[in-house]
Structures are given as C-alpha cells and as structure tokens.
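Start counting the sequence shown at 123; every next residue gets the next number (our numbering). A virtual CB, placed ideally from N, CA and C, is assigned to each residue, including glycine. Values in this document were obtained by computation on a predicted structure and should not be read as measured data.
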Amino acid sequence: MDILYEVKYIIAETKGVKMSQLMENTAFADDLGFDSIDMFELAMELEKKIDVNISVADMESIRTIGDAVKYLERQGVPNDSRDTEDIQPEGSFNLDDQDKYREILQKVMGHKDFGTRNPLDIGMELGYTQDEIFRALSIQGTEDSVQEQKEYFVLHNGYVVSVNLINRKVSLVKKLNENCEAKIKYGILVWNDSEDGFSLGVKSLFWENLNTGEKGEFTLPKDQEKQESPWLRIDKSIDRFFVLEDGILIKSNCDFYKVYYTGKVIKKKLDYFYSADVVAEKNHKIYVASRLRVWSMNSDLNNVEIICKYDSDENKTILALEKDGNDIFYHVFDESSLWHSYYRKYNTTGERVPEDPFLSGDFTDAVGYVSNPVEILSTKNYKAYSNAIYKRTSGKAVWGSSENISFIYQASAIYDKDIILGCVSRLWDKNQLGITLFDLSKRNTPVFLPLESEA
C-alpha cells in the first residue's frame, strides 16, 4: 500500500482539495485550515479505508501529511510508497503522453466502482502499471489549476466557450447576442451592445475577466457624443475596440480612449489617425496598424510616434502586424514597381529586416489578399496568416493556401508548443459548434474539438 497516496487521496476526496496541491510538508491547520472536527473526520476515514485504530490523543500530534504517514507506519501499516512527487509531473507531458494518460484516466473514471474504490487499485485491475496510473491521475489533479492551459473563444452565434488544453474539452461559458461584436484576449471578454452587427450608434462596451469574474462597462461620455463638422453634426459612436492586457483601447472617430480594468479612463484626441485595424503590445507600448500607417504610443496614450506612413498614390500598403515572441514587425505589400510586386518586412524602428520565406520573392498578388492589415500569428516553428499555416524555415504551406476557402479567425497560439487554436470556417462543413486545434508538433492535420454541451 502506498500510504502517502492513500492519505492524499482521502483528503482530496473528503475535503475537495486537489491532490497536486498536497505535499508531505502540507500542514493540516496552517495550509488546509483543518480544525479538531476535520482531524477527527480524517481519522475516521483512515480507520475505515486502511483498517487501523487511531486514538484522538495521537491525532493531536499529527500536524502534517508527512506526520500522518509516519504515524501509520509506526502502527504497522505496510508501506510500498514511491516518491509520488517525482511520479506526478506538474503538467510536463508532451501531447503524445497526454493522449495516452487521458485514455487511461477515462477508463479508470468509467469503471463501475470509481468513487467507492481507490483508483490506483482500479487501474491496476485494468492492467495498467502504478506509474501509468499516477501519471494519468496527475492530469486530473492539475487540469483545473493551470490557467495558461485554458483558452477562450467567441463562436459565430455568440457562444463564449473555453478550451481546456489538458483534456481538450470545449465548454460553454456564456451566451451573448449573436449580432454583437465580441473579442477575447488574456482571458478577458469585451463586447458591445449592438443588436444588428454594425458599430454605428454603439456607445457602450462591457467586459468580463473570465478567470476572476471581475466585470465592468464603459459608455461614451454624453458631452462627447456629438462633434461639430464643417458639413454636418456627427453623432459619435465606438468605431473599433481592442483588448489589451491592462485595459481596452477604444476608437471613436479621432478620439482614442484607454479604459483600464480598474475603472480609470484616459482620452486622447489624435487627428489624422482615423483608422486602426490591428494592435499589438510590447514593453508598455501599443503598436497600431492601418492600411497606410503604423504608429506607436505609450500605454497611457502619450508619446505618439509615426513609424511608417504612405500616401494613397504610392502603391504601398500595410499587409500585416506581427508579434513574434518578444519582437514586433510590420509587413508591407509594395506594388510601386511597374512589373513586379514585393513584400517587405520592417521592425518597429522602421528598419528593413529579412522577409519570411512565405512572404518573399516576386508576386503579382498579395498572399491571401485582404483590404486591411491583419495579424500574423507566430509559434516557434510556424506562422499563420489568414487562410494558411506556413513552415517558418521553408515557407511551405502545411495547411491551406492563398486560394483556400477556409479561414482561421479569432486564433491564439502557444508559442513554444507549436499549437494554434481558433475558429475555422468551412473546414469540414460541420454543423456542430467547436474549436479547431492545430498541434503542429505532431501533425499538420487539424483536430476539431466539439462543444460538449450547451447546459
């Protein structure tokens, strides 16, 4: 019998504590908040499941989980304990391992005796080794506690869903009006009050931190809703909004607002910056791209600097903005030559840098041409642009092509693991709602993760 595992399992089952949080030095009173009644109930459970007698006086001397293990050993309970802390890695599996151990976990949890018997015994009865069972159970113990392994998306019908990257389950979080505009980043959902899918007349935004439950809203100040024009009186509304790490960037005509999640609001009037299509952040600076301009400003909207500016007759347009690891680049489609078109890549100082293989050479049309700049999504070895995913080193399309009818939108990436998730339209013409997962470290073929339940 593995006494340490049995003690941790009983605590987890009776007190709702994750096994991954329980160590030998975990103190019952200081760390778990146990009082004398909790300790008495623990003694009762240990007596029932381990077949040992524990006196109340002895329980008073047991202060940590390690103390409980040593006490049971002194009472003659046989201990085949292994170093369970080494056996249970904290979410360090590669995805091949996760598939294997997830299957083991499902079989153990699907057993008719699960919940009434030790899962270790059930797993060994099913033919698995103790090491395999510990690893499978560690997935269950850590899947809810690792925040970075959960991503959020808004589906086309207003469903807000979460994707658990450990068990790959897609769950419904909340429902929005399907005609509203909504964006999610950093686990923060932002949406407007549009009922017809258009931003005209929209004056309010709402936000919710899906990890903490914090909420807020912003409405354009009434005294700023109208603006004098040489031609007519314009009723102002929220044109665009972008989710930032510490707040929301809002554009209303030439007025920009930074609405912090703490409630603080900053306003900056930026004449001539009438368009904003893509936004990226780095080192407390905000980078904004439109079709003819790239510019930056501090996170408090001060120190506005134009990085790149083209006139409409120069035949040069901003194609994309990219955050690649800790660096930010912008890509330009240059049609100024009479017979040739080129892509150019620049850093945030305006210096030209080597082009990516999939955006290099001589072209007649832009790859997956779009009228306004979009975001290039990067991982360690791949790049996703609009309707295709390319190998970083060769530029070869591993999924899709410039003529592909399927598009990746509202995507996110796990940089070091070469994982891209997002909504993909017309991939298999599935009616079932869900998210598409590209695990590029294993295969180029995407996996569709369906929404499990609307309940």
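Quick one: grab the DSSP three-state call for SER414.
One-based indexing of the sequence shown puts residue 414 at position 292. A small correction: the amino acid at residue 414 is Leu; Ser does not occupy that position in the sequence shown. If DSSP states are grouped into helix, strand and coil, LEU414 belongs with coil.
Alpha carbon to alpha carbon, how far is LEU573 from VAL283?
Working through the sequence shown from its first residue, we reach residue 573 at position 451. Working through the sequence shown from its first residue, we reach residue 283 at position 161. Taking the straight line joining both Cα atoms gives about 8 Å.
Whose C-beta lies closer than 6 Å to the C-beta of ASP538 among residues of the same chain, with five residues either side of it excluded?
By 1-based counting over the sequence shown, the position of residue 538 is 416. Taken in chain order, the residues that qualify are LYS502.
From which residue to which residue does the beta strand (DSSP E) around TYR537 run?
Within the sequence shown, residue 537 is the residue found at index 415, counting from 1. Counting along the chain, TYR537 falls outside any beta strand (DSSP E), and DSSP gives it neither H nor E.
Taking just the CA atoms, how far does GLU457 sit from PHE363?
Taking the sequence shown and counting its residues from 1, one reaches residue 363 at position 241. Taking the sequence shown and counting its residues from 1, one reaches residue 457 at position 335. Near 30 Å, if we compare the C-alpha coordinates of GLU457 and PHE363.
In whole angstroms, what separates the C-alpha of GLU167 from that of GLY245?
Within the sequence shown, numbered from 1, the residue matching residue 167 stands at position 45. Within the sequence shown, numbered from 1, the residue matching residue 245 stands at position 123. Near 22 Å, if we compare the C-alpha coordinates of GLY245 and GLU167.
Just to confirm my understanding: we take ASP540, look at its own chain, exclude 5 residues before and 5 after, and list those with CB closer than 7 Å. What are they?
One-based indexing of the sequence shown puts residue 540 at position 418. Only THR501, LYS502, ASN503, TYR504, LEU562 and SER563 meet the Cβ criterion.
Tell me which same chain residues have a C-beta within less than 8 Å of the C-beta of LYS391, skipping the five on either side of it?
By one-based count along the sequence shown, residue 391 stands at place 269. Here the set comprises CYS376, ASP377 and PHE378.
Do the segment 179 to 192 and the segment 146 to 155 make contact, defined as three or more Cβ pairs closer than 8 Å?
Yes, the segment 179 to 192 is in contact with the segment 146 to 155.
Answer yes or no: do SER412 and ILE440 have a C-beta to C-beta separation smaller than 8 Å?
Position 290 of the sequence shown, counted from the first residue, corresponds to residue 412. Position 318 of the sequence shown, counted from the first residue, corresponds to residue 440. A contact, by the Cβ cut-off of 8 Å.
Would you say ASN332 and VAL295 are within 8 Å of each other, going by their C-beta atoms?
The residue given as residue 332 occupies position 210 in the sequence shown. The residue given as residue 295 occupies position 173 in the sequence shown. Per the sequence shown, residue 332 should be read as Leu rather than Asn. Closer than 8 Å, so yes.
Does the segment 427 to 445 touch the segment 402 to 416, meaning 3 or more C-beta pairs lie closer than 8 Å?
Because the criterion of three Cβ pairs below 8 Å is met, the segment 402 to 416 and the segment 427 to 445 touch.
If you reduce the DSSP assignment to three classes, tell me which class ALA510 lands in.
As a working note, residue 510 is residue 388 in the sequence shown. Of the three classes helix, strand and coil, the one that applies to ALA510 here is strand, per DSSP.
Restricting to Cα atoms, I'd like to know which of SER359, TYR468, ASN299 and GLY338 is closest to LYS325.
Residue numbering aside, residue 325 sits at position 203 when the sequence shown is read from its first letter. Looking at the Cα atoms, SER359 is the closest of the given residues.
Out of ASN286, ILE310, LEU277 and LYS513, which has the shortest C-alpha to C-alpha gap to CYS302?
Taking the sequence shown and counting its residues from 1, one reaches residue 302 at position 180. That would be LEU277, whose Cα lies nearest to the Cα of CYS302.
In its own chain, which residues sit with a C-beta less than 6 Å from the C-beta of ALA258, not counting the 5 before and 5 after it?
The sequence position of residue 258 within the sequence shown is 136, counting from 1. These residues qualify, in order along the chain: TYR223, ILE226 and LEU227.
Indicate whether at least one CB of chain D lies closer than 8 Å to the CB of LEU164.
Looking for chain D here will not work: only one protein chain is present.
For the beta strand (DSSP E) containing LYS297, name the first residue and the last one.
Within the sequence shown, residue 297 is the residue found at index 175, counting from 1. Where LYS297 is concerned, the enclosing beta strand (DSSP E) stretches over 291 to 297.
Quick check on the DSSP output: what are the complete alpha helix (DSSP H) runs of length 4 or more inside the segment 148 to 212, in order along the chain?
Counting only runs of 4 or more, we get 158 to 172, 178 to 181, 187 to 196 and 206 to 209.
Thinking C-beta only, is ILE408 closer than 8 Å to VAL401?
Working through the sequence shown from its first residue, we reach residue 401 at position 279. Working through the sequence shown from its first residue, we reach residue 408 at position 286. The answer is yes: Cβ separation under 8 Å.
Any idea which residues DSSP pairs ARG419 with across the strands?
As a working note, residue 419 is residue 297 in the sequence shown. It should be noted that the sequence gives Met, not Arg, for residue 419. DSSP, once it has assigned bridges, lists ILE408 as partnering MET419.
How big is the Cα-Cα spacing for ILE530 and ILE388?
As a first step, residue 530 must be located in the sequence shown, where it is residue number 408. As a first step, residue 388 must be located in the sequence shown, where it is residue number 266. Approximately 33 Å, taken between the alpha carbons.
Any chance the CB of TRP417 is under 7 Å from a heavy atom of the ligand ADP?
Of ligands this structure carries none, so the ligand ADP is not represented either.
Check each candidate in ASP124, PHE480 and LEU194 and name the one with the smallest Cα separation from SER508.
The residue labelled residue 508 in the question sits at position 386 within the sequence shown. Looking at the Cα atoms, PHE480 is the closest of the given residues.
To the nearest angstrom, how far is the alpha carbon of ASN279 from that of ASN448?
One-based indexing of the sequence shown puts residue 279 at position 157. One-based indexing of the sequence shown puts residue 448 at position 326. Roughly 34 Å between the two C-alpha positions.
With a threshold of 16 other CB atoms inside 10 Å of the CB of ILE511, please say whether the residue is buried or exposed.
Locating residue 511 in the sequence shown gives position 389, counting from the first residue. Buried, because 16 or more other Cβ atoms sit within 10 Å of the Cβ of ILE511.
Looking at ILE255 and VAL191, is the spacing between their C-beta atoms short of 8 Å?
The residue labelled residue 191 in the question sits at position 69 within the sequence shown. The residue labelled residue 255 in the question sits at position 133 within the sequence shown. Result no, Cβ atoms of VAL191 and ILE255 do not sit closer than 8 Å.
Secondary structure at ASP137, three-state DSSP: helix, strand or coil?
Taking the sequence shown and counting its residues from 1, one reaches residue 137 at position 15. Reading the sequence as shown, one finds Lys at residue 137 and not Asp. DSSP places LYS137 in helix when its eight states are reduced to three.
Rounded to the nearest angstrom, how far is the Cβ of TYR274 from that of GLY338, given a contact under 8 Å?
Along the sequence shown, read from residue 1 onward, the residue named residue 274 stands at position 152. Along the sequence shown, read from residue 1 onward, the residue named residue 338 stands at position 216. Actually they are not in contact, since the Cβ atoms of TYR274 and GLY338 sit about 17 Å apart, beyond 8 Å.
Just list the residues that DSSP pairs LEU499 with in beta bridges.
Along the sequence shown, one-based indexing puts residue 499 at 377. Looking at the DSSP assignment, LEU499 forms a beta bridge with ALA506.
Could you spell out where the beta strand (DSSP E) holding GLY338 opens and where it closes?
By 1-based counting over the sequence shown, the position of residue 338 is 216. 337 to 341 is the extent of the beta strand (DSSP E) around GLY338.
Give me the Cβ distance between GLU497 and GLU444, rounded to the nearest whole Å; I'm assuming they're in contact under 8 Å.
Counting from one through the sequence shown, the residue named residue 497 turns up at place 375. Counting from one through the sequence shown, the residue named residue 444 turns up at place 322. About 7 Å; that satisfies the 8 Å criterion.
From the DSSP output, read off the bridge partner residues of ASP449.
On the sequence shown, residue 449 is found 327 positions in, with the first residue counted as 1. ASP446, per the DSSP bridge assignment.
Check ASP561 in the structure and name its three-state DSSP category.
Residue 561 sits at position 439 when you count from the first residue of the sequence shown. Note: ASP561 maps to strand in three-state DSSP.
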